[in-house]
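Colleague:
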Amino acid sequence: MPTFQFYTVEGIKMPFKDKKKYSTWLITVAQSEQKKIDYINYIFCSDEYLKDINIKYLNHDYYTDIITFPYKEGDFIQSDIYISIDRVADNAREYDVSLDKELQRVMVHGLLHLIGYNDVSDDEVAVMREKEDQYIVAFPG
C-alpha cells in the first residue's frame, strides 16, 4: 500500500485538510502512468527554506516552487518532494488561478518528474503541461 506523509516546516500551515483525497488522486495518477508509489513525503515550506535546499543540494541560487528528490528509479516511486507554499501562492496570483489548483499543479508536476517526464525542451514542456492539465481535471470534486 502506498504511503504518503504530508509535513510542514517553519510554521507553514498545511495547505489542505483532506489528505486522503490528495493521496488517492496521486495514486490514480501513478497508476494511469503504469507506476506504483512506495512512498512520497511532501514537505511544505517557505521560499527561504526551499532556496536553502536548492543552494545546498543543487548549487542553484534561486527560488523555485518544487524540488524532488527521487530515491528509487523504475516502476516503484520513492521520494521526498519539497514545495514552497510562498511560491505556489505567488504563481496562483500571477496565473490567476486558485491556490488549490496551483498546489495541485505543482504536486502532480513533481510526481510526473518522478514518473519520467521532463520539462527542458519546448516539446517536453508542452507534454508536461498537457499531463498536468489532464490530471488536475481528474482531481476529485
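Going by this note's numbering, the sequence shown opens with residue 19, and the numbers climb by one from there.
Every residue gets a Cβ at the ideal spot worked out from N, C-alpha and C, and that includes glycine.
Hey, quick one: how far does the alpha helix (DSSP H) through Ile-73 stretch, first residue to last?
Modeller: 65-76
Colleague: Any idea if Gly-128 is buried or exposed, counting beta-carbon neighbours within 10 angstroms, 16 or more meaning buried?
Modeller: buried
Colleague: Taking one C-beta from the stretch 66-73 and one from the stretch 111-121 each time, how about it: are there three or more such pairs within less than 8 Å?
Modeller: With the cut-off at 8 Å, the stretch 66-73 and the stretch 111-121 do not touch.
Colleague: Flag this pair as yes or no: are the beta carbons of Leu-132 and Ser-102 separated by less than 8 Å?
Modeller: no
Colleague: Between the C-alpha atoms of Asp-36 and Ile-95, what's the straight-line distance to the nearest angstrom?
Modeller: 22 Å
Colleague: Pick from Glu-28, Trp-43, Ile-30: whose alpha carbon is nearest that of Thr-21?
Modeller: Trp-43
Colleague: Taking only the alpha-carbon atoms, compute the straight-line gap between Gly-29 and Lys-90 and give it to the nearest angstrom.
Modeller: 30 Å
Colleague: Any idea which residues DSSP pairs Pro-88 with across the strands?
Modeller: Ser-97
Colleague: Within a Cβ cutoff of 7 Å, which residues of the same chain sit near Val-124, ignoring the five residues on either side of it in sequence?
Modeller: Asp-83, Ile-84, Ile-101, Val-106
Colleague: State the DSSP-derived secondary structure class of Tyr-135, mapped to helix, strand or coil.
Modeller: The answer is coil: DSSP assigns Tyr-135 none of H, G, I, E or B.
Colleague: Report buried or exposed for Glu-142, applying the criterion of at least 16 other Cβ atoms within 10 angstroms of its Cβ.
Modeller: Result: exposed.
Colleague: DSSP on Thr-82, reduced to helix/strand/coil?
Modeller: coil
Colleague: Who are the near neighbours of Glu-51 in its chain, counting only those whose CB is closer than 7 Å to its CB and skipping five residues on each side?
Modeller: Cβ neighbours of Glu-51 beyond the five flanking positions: Ile-133.
Colleague: Taking a contact to mean a Cβ-Cβ separation below 8 Å, would you say Lys-54 touches Asp-93 in this structure?
Modeller: In this structure, Lys-54 places its C-beta atom within 8 Å of the C-beta atom of Asp-93.
Colleague: So the candidates are Thr-86, Pro-158, Tyr-135; which of them puts its Cα closest to the Cα of Asp-118?
Modeller: Pro-158
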